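Trainee:
Numbering (UniProt numbering), first residue to last: 1 to 177.
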């Protein structure tokens with residue numbers, strides 16, 4: 001999501017969030033959006049890009065994977081969200097509502113997902129979901145850590161980072177221990 005170079009589908013690892021409600025997923029997307037720098041937020045806003053994440057479904061043992069998406073509607077000045085459910089079968093990914101044979105369903109596991117990544121990439125492209133806008137589990141900590149200022153060796157602290165209470169001008173210090 002927060003890359004200086006253009007990411008391609010081949011470079012993306014598909015990390016999946018655990019089971020959560022659609023409301024929790026939307027909250028997670030908006031929290032990550034709030035942590036992005038101004039330039040990145042502006043890019044998403046002007047392009048009306050859809051932020052998205054992959055999460056497990058309560059039916060993941062029945063091959064269901066959920067894609068939660070959100071995009072900022074500039075004209076309406078509000079978030080628009082969509083939930084897309086896909087089912088993994090021996091024939092590849094299918095929309096959730098497509099009739100299926102229960103014997104053909106593959107549960108969502110790391111091995112099954114890795115075996116069907118190219119088909120998942122194709123389905124995501126069909127939904128116009130860019131790899132640049134994927135919210136992945138490590139993104140939250142990466143966004144929190146990007147503003148840390150490294151200190152010289154031998155300093156009693158590892159880094160200085162801006163405190164969340166920016167209006168007070170407080171800095172928190174990371175200890176070496």
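Just so you know, even glycine gets a beta-carbon here, dropped at the ideal spot from N, CA and C. Note that the coordinates shown come from a computational prediction; the quantities given were computed from them, not determined experimentally.
Using the rule of at least 16 other Cβ atoms within 10 Å of the residue's Cβ for burial, across every protein chain shown, is residue 66 buried or exposed?
Mentor: Label assigned to residue 66: buried.
Trainee: If we ignore side chains and look at the alpha-carbon of each, how far apart do residue 125 and residue 118 end up?
Mentor: Roughly 11 Å separates the two Cα atoms.
Trainee: Using a Cβ distance threshold of 8 Å, determine whether the stretch 24-31 contacts the stretch 44-57, with at least three qualifying pairs required.
Mentor: As far as the Cβ criterion goes, the stretch 24-31 touches the stretch 44-57, which means the pair count is three or higher.
Trainee: Measuring only the C-alpha atoms, how far is residue 68 from residue 135?
Mentor: Roughly 10 Å between the two C-alpha positions.
Trainee: With DSSP as the reference, label residue 107 as helix, strand or coil.
Mentor: If DSSP states are grouped into helix, strand and coil, residue 107 belongs with coil.
Trainee: So the alpha helix (DSSP H) residue 25 belongs to, where does it begin and stop?
Mentor: Taken as a continuous stretch (DSSP letters only), the alpha helix (DSSP H) holding residue 25 covers 22-35.
Trainee: Have a look at residue 38 and residue 105 and give me their C-alpha separation to the nearest angstrom.
Mentor: Cα-Cα distance, rounded: 43 Å.
Trainee: Short check: CB of residue 61 to CB of residue 107, under 8 Å?
Mentor: Yes. Within cutoff.
Trainee: Determine the burial state of residue 58: buried for a count of at least 16 other Cβ atoms within 10 Å of its Cβ, exposed for fewer.
Mentor: Residue 58 should be labelled exposed.
Trainee: What does the alpha-carbon distance come out to for the pair residue 20 and residue 64?
Mentor: So the alpha carbons of these two residues sit roughly 13 Å apart.
Trainee: Could you give the first and the last residue of the continuous alpha helix (DSSP H) run that contains residue 179?
Mentor: Lying before the first or after the last residue shown, residue 179 is absent from the chain, which here runs from 1 to 177.
Trainee: Do you know how far the Cα of residue 86 is from the Cα of residue 98?
Mentor: Distance between the alpha carbons of residue 98 and residue 86 is about 9 Å.
Trainee: Helix or strand or just coil, what does DSSP make of residue 101?
Mentor: Three-state result, residue 101: coil.
Trainee: Between residue 42 and residue 33, which are expected to be in contact by the criterion C-beta below 8 Å, what is the C-beta distance as a whole number of angstroms?
Mentor: Between residue 33 and residue 42 the Cβ distance is about 12 Å, and since that is not below 8 Å, they are no contact.
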